[in-house]
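Structure, as structure tokens:
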């Protein structure tokens with residue numbers, strides 16, 4: 001039910017009210033967000049965050065032998081950084097406009113492939129975050145940062161706190177997404 005003369009939604013409530021079905025809602029929401037946030041700004045933010053994710057990869061990789069209290073913490077940091085970079089790269093790829101050509105079906109199948117891949121990455125990220133929270137928060141009562149690094153409860157101070165705050169920031173991000181959905185004028189999609 002899309003027409004070429006459709007007006008652009010002026011605010012978020014127009015996005016929902018002018019949508020006939022979920023396809024229209026997705027299209028209208030994308031159009032609304034594209035008018036409010038320029039793609040170049042989103043791409044720059046994703047690149048900066050990818051550099052931070054690369055730092056997580058380095059931190060986790062170089063500290064693998066230095067966390068006896070939970071040896072999975074440095075591995076969790078490394079994989080979390082890789083997953084973030086993969087997600088950001090896929091998102092950047094979707095933001096870059098494709099040249100208009102006669103191959104509309106190729107464009108739609110590529111977009112569908114990107115959306116499916118992005119959905120799978122979201123599921124993998126949530127599972128990996130859950131495991132990271134179990135490992136990091138579960139080790140908190142036992143961890144110590146003394147210089148005797150061969151003791152059973154030792155973990156490098158920087159490694160542990162970077163992992164702790166990475167988990168916490170991921171959880172805050174998820175809570176903000178849910179809060180935004182919950183407190184929007186429309187509430188959760190039905």
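Numbering (UniProt numbering), first residue to last: 1 to 190. Idealized CB from N, CA, C, for every residue including glycine.
Within the chosen definition, does the stretch 122 to 138 reach the stretch 43 to 52 through at least 3 CB pairs nearer than 8 Å?
no
Output the distance between the C-alpha atoms of residue 156 and residue 63, rounded to the nearest integer angstrom.
As a first step, residue 156 is located in the chain shown; it is residue number 156 there, counting from the start. As a first step, residue 63 is located in the chain shown; it is residue number 63 there, counting from the start. The alpha-carbon atoms of residue 156 and residue 63 are separated by roughly 8 Å.
Tell me whether the beta-carbon of residue 121 lies closer than 8 Å to the beta-carbon of residue 83.
For the purposes of this step, residue 121 is taken as the residue at position 121 of the chain shown. For the purposes of this step, residue 83 is taken as the residue at position 83 of the chain shown. A contact, by the Cβ cut-off of 8 Å.
Can you give me the start and stop residues for the alpha helix (DSSP H) that residue 14 sits inside?
Along the chain shown, read from residue 1 onward, the residue named residue 14 stands at position 14. Element bounds for residue 14: 12 to 17.
Ignoring anything shorter than 4 residues or poking outside the stretch 155 to 186, list the alpha helix (DSSP H) runs there in chain order.
157 to 183
Please list the terminal residues of the continuous alpha helix (DSSP H) segment that includes residue 44.
Here residue 44 refers to the residue found at position 44 when the chain shown is read from its first residue. Its alpha helix (DSSP H) spans residues 39 to 62.
Apply the 10 Å Cβ neighbour rule to residue 165 and answer buried if 16 or more other Cβ atoms are within range, or exposed otherwise.
Mapped onto the chain shown, residue 165 falls at position 165. Exposed: under 16 other Cβ atoms inside 10 Å.
Of the residues 22, 20 and 32, which one's Cα is nearest the Cα of residue 10?
Position 10 of the chain shown, counted from the first residue, corresponds to residue 10. With distances taken between Cα atoms, residue 10 lies closest to 32.
Please classify residue 173 as buried or exposed, where buried requires at least 16 neighbouring CB atoms within 10 angstroms.
Position 173 of the chain shown, counted from the first residue, corresponds to residue 173. By the 10 Å Cβ count, residue 173 comes out exposed.
Using the C-alpha atoms, what's the distance from residue 95 back to residue 71?
Locating residue 71 in the chain shown gives position 71, where the first residue counts as 1. Locating residue 95 in the chain shown gives position 95, where the first residue counts as 1. Roughly 37 Å between the two C-alpha positions.
Alpha-carbon spacing of residue 158 relative to residue 123, whole angstroms:
Counting from one through the chain shown, the residue named residue 158 turns up at place 158. Counting from one through the chain shown, the residue named residue 123 turns up at place 123. Roughly 28 Å between the two C-alpha positions.
Would you say residue 78 and residue 57 are within 8 Å of each other, going by their C-beta atoms?
Translated into positions along the chain shown, residue 78 becomes position 78. Translated into positions along the chain shown, residue 57 becomes position 57. Yes, these two residues count as a Cβ contact at 8 Å.
Member of 61, 21 and 48 whose CA lies at the smallest distance from the CA of residue 85
Indexing the chain shown from 1 puts residue 85 at position 85. Ranking the options by Cα distance to residue 85, first place goes to 48.
Got a sec, what are the start and stop residues for the alpha helix (DSSP H) residue 71 sits in?
Position 71 of the chain shown, counting from 1, holds the residue named residue 71. Neither: residue 71 is in no alpha helix (DSSP H) and is coded neither H nor E.
Closest by CA to residue 126, which one among 108, 167, 115 and 142?
Working through the chain shown from its first residue, we reach residue 126 at position 126. Residue 167 is the option with its Cα nearest to residue 126.
In angstroms, rounded to a whole number, what distance separates the CA positions of residue 147 and residue 68?
Start at 1 with the first residue of the chain shown, and residue 147 comes out as number 147. Start at 1 with the first residue of the chain shown, and residue 68 comes out as number 68. Taking the straight line joining both Cα atoms gives about 13 Å.
In angstroms with no decimal places, state the Cα-to-Cα distance between residue 137 and residue 90.
Position 137 of the chain shown, counting from 1, holds the residue named residue 137. Position 90 of the chain shown, counting from 1, holds the residue named residue 90. Between residue 137 and residue 90, the C-alpha separation is close to 30 Å.
Rounded to whole angstroms, what is the Cα-Cα separation between residue 116 and residue 109?
Working through the chain shown from its first residue, we reach residue 116 at position 116. Working through the chain shown from its first residue, we reach residue 109 at position 109. Cα-Cα distance, rounded: 10 Å.
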